Amino acid sequence: MPKVLIVGRANNPLRTEYAVKEAFKSLGFQVGVFDDVKSASWAGKRLTNLLFKLTLSRWRPDMVYFSKALNLHPDTIGYASDICPTVMWYFDPMKTVDPRILERAKRVTCFFTTYQKDASELQLKGVRAFYLPQAYYLPQTPGTLSPEEATSEIAFIGNNTGCDYRFKFLKLLGKKYELTVWGRGWKDLEGYCRVPDRRVFGEDYKTGCRNSKIILGIHTFLGVRNKRGVSNRLWNTLACGGFLVYQE
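Offset between the sequence shown (1-based) and the numbering used here: plus 968.
Structure (structure tokens):
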């Protein structure tokens, strides 16, 4: 049985790394997890790098999958790539290429990104980068949201990431329609729309989709202007029975 070591928060069901772990298991892999975030918070980055190298030598994986791996030194990632194939999958759009990510991306066998333009830009910087969109995954978490609580004409699901364009658009919609905005950071929209100030996962995500007439897919303005990508919100919403109005 081939072995893969996942570096990241793959033991948390709400993280995408957890979905990756389950996908590898379904393909017949023996999966190990090295949580660099938790390790660094307990033992510091220097010891975390030593522990990771020790894990590699003892477990001898056939492949290593990295999340952002910001707690591992770039040379440590290069060390892993000398032992076996390594991949990194980056989910967020890059307004500018983060030098910390670039240092690590150059040292993996393959770097995947969910935005085509990011892949092209990284290739010019010497990275073996490829476009790989996200797909459907919904955490198996129990629901606490009733259909009555979730009923709405229009709903948006997502946290406020500081995008002024998205905020103003939701504010405008809230003046004209019955709008519910799920996620954190939207308190300034109170008075314009319903703001439960909670995130929805798993069964609650399904309930929100099925009891709203329309689910909005709104990118950040910078993401629309010069990048093309596919958020997993698209697949998750459709799979949960939502009617999605998506921004191309």
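We put the CB at the ideal spot given by N, CA and C, even for glycine.
The structure displayed is predicted, hence computed values, not measured ones.
Report back the beta-carbon spacing between Ile-1125 and Trp-1150 to the nearest angstrom; my notes put them in contact at under 8 Å. The sequence position of residue 1125 within the sequence shown is 157, counting from 1. The sequence position of residue 1150 within the sequence shown is 182, counting from 1. With a Cβ gap of about 5 Å, Ile-1125 and Trp-1150 count as contacting.
Roughly how many angstroms lie between the CA atoms of Asn-1017 and Arg-1072, to the nearest whole one? For the purposes of this step, residue 1017 is taken as the residue at position 49 of the sequence shown. For the purposes of this step, residue 1072 is taken as the residue at position 104 of the sequence shown. The alpha-carbon atoms of Asn-1017 and Arg-1072 are separated by roughly 14 Å.
Inter-residue spacing [alpha-carbon to alpha-carbon] between Phe-1098 and Val-1055: Against the sequence shown, residue 1098 aligns to sequence position 130. Against the sequence shown, residue 1055 aligns to sequence position 87. Approximately 11 Å, taken between the alpha carbons.
Buried versus exposed call for Thr-1112 [16 or more other C-beta atoms within 10 Å across all chains shown]: What you label residue 1112 is simply residue 144 of the sequence shown in a count that begins at 1. So Thr-1112 ends up on the exposed side.
At what residues does the beta strand (DSSP E) containing Ala-1097 begin and finish? Start at 1 with the first residue of the sequence shown, and residue 1097 comes out as number 129. Where Ala-1097 is concerned, the enclosing beta strand (DSSP E) stretches over 1097-1099.
Would you tell me roughly how many angstroms separate the C-alpha atoms of Glu-1089 and Arg-1166, rounded to the nearest one? Your numbering for residue 1089 matches position 121 in the sequence shown. Your numbering for residue 1166 matches position 198 in the sequence shown. Roughly 36 Å separates the two Cα atoms.
Taking three-plus beta-carbon pairs below 8 Å as touching, is the region 994-1004 in contact with the region 1107-1123? no
Which of the three DSSP states is assigned to Tyr-1033 in this structure? Translated into positions along the sequence shown, residue 1033 becomes position 65. Here Tyr-1033 sits in strand by DSSP.
Could you tell me whether the region 1076-1083 touches the region 1099-1111, using the rule of 3 or more Cβ pairs below 8 Å? yes
What residue ranges within the region 1118-1196 form continuous beta strand (DSSP E) runs of no fewer than 3 residues, ordered along the chain? 1120-1125, 1147-1150, 1180-1185
Of the residues Lys-993, Ile-974, Tyr-986, the one placed nearest Pro-1029, counting alpha carbons only: For this step, residue 1029 is matched to residue 61 along the sequence shown. For the residues Lys-993, Ile-974, Tyr-986, the minimum Cα distance to Pro-1029 belongs to Ile-974.
On a Cα-Cα basis, can you pick out the residue from Trp-1057, Asn-1039, Lys-1021, Lys-1013 that is closest to Lys-989? Translated into positions along the sequence shown, residue 989 becomes position 21. Checking every option, the nearest Cα to that of Lys-989 belongs to Trp-1057.
Could you check if Val-1076 is buried or exposed, using at least 16 other CB atoms within 10 Å of its CB as the buried criterion? Residue mapping note: residue 1076 aligns to position 108 of the sequence shown, counting from 1. Buried is the call here.
Compute the Euclidean distance between the alpha carbons of Cys-1161 and Ala-1123, then round it to the nearest angstrom. Along the sequence shown, one-based indexing puts residue 1161 at 193. Along the sequence shown, one-based indexing puts residue 1123 at 155. Straight-line Cα distance between these residues: approximately 10 Å.
Please tell me whether Ala-1228 and Tyr-1104 are closer than 9 Å, where the distance is taken between their beta carbons. With the chain covering only 969 through 1216, there is no way to say anything about residue 1228.
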